[in-house]
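Residue numbers (the numbering used here): 130 to 248.
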């Protein structure tokens, strides 16, 4: 994910331990979601998407299959650069936003590409 820690010391902990996921910062969740595509952790991708998110699909099994078919298999995910992390509100009403750049390399052509998003 670009954090500098190994998978099992960073994102793997969030993927495998609900308590670690529940205590994670917004940045940690974004990094874990990024690496979930690389590791094909489809359940984590679905489970970490808020139901009010525009990408949420109520037909969970169909959604999981769609993710499996589009899991960036033709790319090496190289890093997730966090540009900004903000929090608004408190407690259950708190909303976090993370602006990041996802970087990857196409496997066959070795072309580098990236996209920027705010989640």
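The beta carbon of each residue, even a glycine, is placed where N, CA and C say it ideally should be. Because the structure is a prediction, the values reported are computed rather than measured.
Might you give, ordered along the chain, the residues of its own chain that have their beta carbon closer than 8 angstroms to the beta carbon of residue 237, omitting 5 neighbours on each side? The residues are 203.
Close beta carbons around residue 241, own chain, < 6 angstroms, minus the five adjacent residues each side: Within the same chain, residue 241 has close Cβ partners 234.
Considering residue 212, what are the terminal residues of the beta strand (DSSP E) in which it resides? For residue 212, the uninterrupted beta strand (DSSP E) run begins and ends at 204-217, by DSSP.
Could you give the first and the last residue of the continuous beta strand (DSSP E) run that contains residue 246? Unbroken beta strand (DSSP E) run through residue 246: 241-247.
Three-state class that DSSP yields for residue 174 in the structure shown: Three-state DSSP puts residue 174 in a helix.
Where does residue 224 sit, in a helix, a strand or coil, going by DSSP? DSSP places residue 224 in strand when its eight states are reduced to three.
Am I right that residue 130 and residue 166 are in contact with their C-beta atoms under 8 angstroms? What's the rounded C-beta distance? In fact, because the Cβ distance is near 10 angstroms, the residues do not count as touching under 8 angstroms.
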